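Terminal number for the sequence shown in the numbering used here: 366, no gaps in between.
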Amino acid sequence: MSDVYAEPTTGADPADPATLARYTTLRLGGPAGRLATAASADEIVQQVQEAELREDPVLVLAGGSNVVIGDQGFPGTVVLIRSRGYRVVAEDADTVTVRVEAGEPWDDLVAATVEHGWSGLECLSGIPGSAGATPIQNVGAYGQEVAETIVAVEAYDRSHRAVVRIAAEDCGFAYRGSIFKYSDRWVVLSVDFRLTRAPLSGPVRYAELARALGVEVGDRVPLADARATVLRLRAGKGMVLDPDDPDTRSVGSFFTNPVLERAAYDLFRERVGDLGDPPNWPCPGDRVKISAAWLIDKAGFGRGYPGPAGVAISSKHTLALTNRGGTAGTAALVALAREIRDGVHARFGVTLHPEPVLINCTI
Ligand SMILES: Cc1cc2nc3c(=O)[nH]c(=O)nc-3n(C[C@H](O)[C@H](O)[C@H](O)COP(=O)(O)OP(=O)(O)OC[C@H]3O[C@@H](n4cnc5c(N)ncnc54)[C@H](O)[C@@H]3O)c2cc1C
């Protein structure tokens with residue numbers, strides 16, 4: 004079976020098949036106690052149950068694009084999700100519901116939906132990783148998030164040792180979150196997305212995307228144009244995987260955008276002083292989302308910080324922390340993340356929180 008996720012790599016001891024650096028986009032992470040590959044939903048359940056019988060801790064890993072794994076690795080069973088495929092399970096005149104196996108590479112799915120003329124995922128083009136991981140943090144970009152199109156998730160519930168179907172309204176979707184994030188109770192087996200039969204995208208919500216498309220916010224554009232423009236914008240920020248571009252050896256955004264209560268936002272604005280007008284977006288409940296990239300930059304951590312070797316902020320985007328190769332390990336990466344978090348807090352009184360899942364390491 005060809006394996007689009009596990010690539011030959013320059014990570015720590017790449018000759019060792021159990022070195023998790025091989026399986027993460029950061030190319031960081033120590034050894035696995037045991038590696039098990041699962042190529043179907045049944046195999047995923049079997050592998051998890053077998054690890055439980057051995058009383059092994061379980062780590063589910065798919066594309067490895069949203070995890071930071073410590074230099075000590077993971078001393079249990081790592082189940083690599085490699086199931087593939089999607090099929091239409093329901094349709095009517097206006098919509099199709101597509102059931103996608105957890106291991107299906109996300110961007111292959113998005114490309115296929117655009118080709119079929121199914122609208123709803125086009126702005127999520129170019130995001131690395133697997134379809135089954137998208138509900139975990141309610142993957143989103145350029146004004147779209149999967150919570151808008153997911154109708155249900157099929158998962159193995161480790162607490163009840165049963166396969167369950169969880170309706171979207173029970174998934175607890177929030178900004179970069181869900182009931183699945185930071186929980187090892189559920190292993191996602193497949194995801195149902197309800198998409199609209201339409202040659203045009205949904206209304207473009209993101210100002211930068213609208214500008215790049217030459218349309219107004221709220222306009223619709225051909226699906227292929229939305230996809231091509233998102234891919235172009237992402238490539239310019241090092242946000243599509245490119246083996247030749249060290250700026251993509253990352254987890255994408257390392258920190259989430261802080262969402263502040265109104266009073267905290269007012270305090271933050273006082274501390275901004277003459278630094279200009281920080282980007283901000285209103286959120287429900289009189290809260291305000293602010294830009295983590297802006298905070299990092301204005302706190303003095305510019306692109307490329309602290310230098311070209313080891314670990315550094317991407318040369319294209321202040322929100323991505325990258326592994327530039329060499330001997331630097333996860334410890335160096337999390338030390339850089341800590342320095343940035345503390346520097347932003349000292350300057351603006353705002354705490355940044357990591358977006359990826361940290362495994363056997365902490366900031
Ligand atoms: C260059 C780059 C750009 C990115 N851009 C974006 C972006 O624009 N928006 C965005 O939201 N994210 C972005 N990301 C983050 C990442 O791509 C997504 O979060 C993606 O969905 C992770 O998928 P994965 O298969 O790689 O998950 P992994 O990294 O393998 O796993 C991530 C977490 O999900 C769990 N998990 C994975 N699969 C399953 C499963 N089947 N069942 C249960 N748990 C599971 C893992 O245990 C882990 O806790 C980016 C990452 C990179 C490297």
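Quick reminder that beta carbons are idealized off the backbone N, C-alpha and C, glycines included. These numbers come from a predicted model, not from an experiment.
>> According to DSSP, VAL190 sits in a beta bridge with which residue or residues?
In response: As a first step, residue 190 is located in the sequence shown; it is residue number 187 there, counting from the start. According to DSSP, VAL190 bridges with TYR159.
>> Please determine whether the Cβ atom of GLN140 lies at a distance below 6 Å from any heavy atom of ligand 1.
In response: Here the question's residue 140 lines up with position 137 in the sequence shown. It does: the Cβ of GLN140 is within 6 Å (strictly closer) of some heavy atom of ligand 1.
> Hey, would you say the C-beta of PRO225 is under 6 Å away from at least one heavy atom of ligand 1?
Replying inline: Position 222 of the sequence shown, counting from 1, holds the residue named residue 225. Not so, every heavy atom of ligand 1 lies at least 6 Å from the Cβ.
> Do LEU127 and GLN147 have their C-beta atoms closer together than 7 Å?
Replying inline: By 1-based counting over the sequence shown, the position of residue 127 is 124. By 1-based counting over the sequence shown, the position of residue 147 is 144. Against a cut-off of 7 Å, the Cβ pair of GLN147 and LEU127 comes out as a contact.
> Under 7 Å between the Cβ atoms of VAL71 and LEU361?
Replying inline: What you label residue 71 is simply residue 68 of the sequence shown in a count that begins at 1. What you label residue 361 is simply residue 358 of the sequence shown in a count that begins at 1. Going by C-beta atoms, VAL71 is nearer than 7 Å to LEU361.
>> Going by DSSP, what residue range makes up the alpha helix (DSSP H) through LEU226?
In response: Taking the first residue of the sequence shown as position 1, residue 226 is located at position 223. It spans 226-239 - the alpha helix (DSSP H) in which LEU226 sits, taken as one unbroken run.
> Is ASN69 near ligand 1, in the sense that its beta carbon is under 6 Å from a heavy atom of that ligand?
Replying inline: Sequence index remark: in the sequence shown, residue 69 carries index 66 (1-based). Checking the Cβ of ASN69 against ligand 1 gives yes.
> Do you know how far the Cα of GLU157 is from the Cα of VAL149?
Replying inline: On the sequence shown, residue 149 is found 146 positions in, with the first residue counted as 1. On the sequence shown, residue 157 is found 154 positions in, with the first residue counted as 1. If I take the Cα positions, the gap works out to 15 Å.
>> Given 6 Å as the limit, tell me if SER318 has its C-beta closer than that to any heavy atom belonging to ligand 1.
In response: Residue numbering aside, residue 318 sits at position 315 when the sequence shown is read from its first letter. It does not: the Cβ of SER318 is nowhere closer than 6 Å to a heavy atom of ligand 1.
> Can the beta-carbon of THR232 be found closer than 7 Å to that of ALA213?
Replying inline: If you number the sequence shown from 1, residue 232 lands on position 229. If you number the sequence shown from 1, residue 213 lands on position 210. The answer is no: Cβ separation not under 7 Å.
> Leaving out the 5 sequence neighbours to the left and right, which residues in its chain are closer than 7 Å to PHE258 when beta-carbon positions are compared?
Replying inline: On the sequence shown, position 255 is the one that residue 258 refers to. The answer, listed in chain order, is ALA295, LEU322, LEU355, HIS356, PRO357, GLU358.
> Between which two residues does the beta strand (DSSP E) containing ALA115 stretch?
Replying inline: Taking the sequence shown and counting its residues from 1, the one referred to as residue 115 is at position 112. Looking at the DSSP string, ALA115 is not in any beta strand (DSSP E); the run it does join, the alpha helix (DSSP H), is 109-119.
> Considering only C-alpha positions, which residue in the set VAL275, TYR159, ASP187, GLY352 is nearest to GLN49?
Replying inline: Your numbering for residue 49 matches position 46 in the sequence shown. Closest by alpha carbon: TYR159.
>> Output needed for CYS364: all residues of its chain with C-beta closer than 8 Å, excluding positions within five of it in sequence on either side, in chain order.
In response: Against the sequence shown, residue 364 aligns to sequence position 361. Excluding residues within five positions, the ones whose Cβ falls inside 8 Å are VAL71, ILE72, GLY73, ASP74, THR333, ALA334, VAL337.
>> Our contact map puts GLY221 next to PRO206 with C-beta atoms below 8 Å; I'd like the distance itself, whole angstroms only.
In response: For the purposes of this step, residue 221 is identified with residue 218 of the sequence shown, where counting begins at 1. For the purposes of this step, residue 206 is identified with residue 203 of the sequence shown, where counting begins at 1. The pair is a contact, with the Cβ atoms about 5 Å apart (cut-off 8 Å).
> Cβ of THR333 versus every heavy atom of ligand 1: is any distance shorter than 6 Å?
Replying inline: For the purposes of this step, residue 333 is taken as residue 330 along the sequence shown, with counting starting at 1. Outside the cutoff, so no.
> Got a sec? Which residues, its chain only, sit under 7 Å from ALA155 by beta carbon, not counting five neighbours each side?
Replying inline: Working through the sequence shown from its first residue, we reach residue 155 at position 152. For ALA155, where only same-chain residues beyond five positions count, the Cβ hits under 7 Å are ARG168, ILE169, ALA170, ALA171, ASP195.
>> Nearest by alpha-carbon distance to TRP121: which of ARG197, ILE84, ASP247 is it?
In response: Position 118 of the sequence shown, counted from the start, is the residue given in the question as residue 121. The option with the nearest alpha carbon to TRP121 is ARG197.
>> By the three-class DSSP mapping on this structure, what secondary structure does GLN75 have?
In response: Along the sequence shown, read from residue 1 onward, the residue named residue 75 stands at position 72. Coil at GLN75, not helix or strand.
>> Going by DSSP, what residue range makes up the alpha helix (DSSP H) through THR333?
In response: Translated into positions along the sequence shown, residue 333 becomes position 330. From DSSP, the alpha helix (DSSP H) with THR333 extends over 333-351.
> Which residues mark the beginning and the end of the beta strand (DSSP E) in which ARG90 is found?
Replying inline: As a position in the sequence shown, residue 90 is number 87, starting the count at 1. That run of the beta strand (DSSP E) goes 89-94.
> Relative to the C-alpha of LEU339, which residue among PHE351, VAL353, GLY352, ALA312 is closest?
Replying inline: Translated into the one-based positions of the sequence shown, residue 339 becomes position 336. Considering only alpha carbons, the answer is ALA312.
> Given 8 Å as the limit, is there contact between the segment 124-138 and the segment 179-196, that is, 3 or more CB pairs closer than that?
Replying inline: yes
>> Could you check whether the Cβ of ALA215 sits closer than 6 Å to any heavy atom belonging to ligand 1?
In response: Sequence index remark: in the sequence shown, residue 215 carries index 212 (1-based). No; taking the cut-off as 6 Å, the Cβ of ALA215 has no heavy atom of ligand 1 nearer than that.
>> I'd like the list of long-range same chain contacts for ALA177, defined as Cβ closer than 7 Å, with 5 residues on each side in sequence excluded.
In response: On the sequence shown, residue 177 is found 174 positions in, with the first residue counted as 1. Contacts found: ASN141.
>> Considering only heavy atoms of ligand 1, does any lie closer than 6 Å to the CB of ALA136?
In response: Numbered from its first residue, the sequence shown carries residue 136 at position 133. Yes.
>> Contact defined as beta carbons within less than 8 Å: I believe ASP250 pairs with THR330. What is the distance between those atoms, to the nearest angstrom?
In response: Start at 1 with the first residue of the sequence shown, and residue 250 comes out as number 247. Start at 1 with the first residue of the sequence shown, and residue 330 comes out as number 327. Between THR330 and ASP250 the Cβ distance is about 19 Å, and since that is not below 8 Å, they are no contact.
> When the Cα atoms are used, what is the spatial distance from GLY346 to LEU226?
Replying inline: Taking the sequence shown and counting its residues from 1, one reaches residue 346 at position 343. Taking the sequence shown and counting its residues from 1, one reaches residue 226 at position 223. Taking the straight line joining both Cα atoms gives about 41 Å.
> What residue does the alpha helix (DSSP H) around ARG272 start on, and which one ends it?
Replying inline: Within the sequence shown, residue 272 is the residue found at index 269, counting from 1. It spans 265-275 - the alpha helix (DSSP H) in which ARG272 sits, taken as one unbroken run.
> Taking 6 Å as the cut-off, does the CB of LEU324 come closer than this to any heavy atom belonging to ligand 1?
Replying inline: Position 321 of the sequence shown, counted from the first residue, corresponds to residue 324. No, the Cβ of LEU324 stays beyond 6 Å of every heavy atom of ligand 1.
> What distance in whole Å lies between the Cβ atoms of ILE293 and ILE343, which are believed to be in contact at a cut-off of 8 Å?
Replying inline: For the purposes of this step, residue 343 is taken as the residue at position 340 of the sequence shown. For the purposes of this step, residue 293 is taken as the residue at position 290 of the sequence shown. At roughly 15 Å, the Cβ-Cβ gap does not stay under 8 Å, so ILE343 and ILE293 are not in contact.
> Is it a yes or a no for the segment 103-117 touching the segment 85-94, going by three-plus beta-carbon pairs under 8 Å?
Replying inline: yes
> Can you tell which of ASP97, ALA41, GLU264, SER317 has the C-alpha that lies nearest to the C-alpha of GLY288?
Replying inline: As a first step, residue 288 must be located in the sequence shown, where it is residue number 285. Ranking ASP97, ALA41, GLU264, SER317 by Cα distance to GLY288 puts GLU264 first.
> Of all the CB atoms in chain C, is at least one closer than 7 Å to the CB of LEU29?
Replying inline: Looking at the structure shown, chain C is missing, and only one protein chain is on hand.
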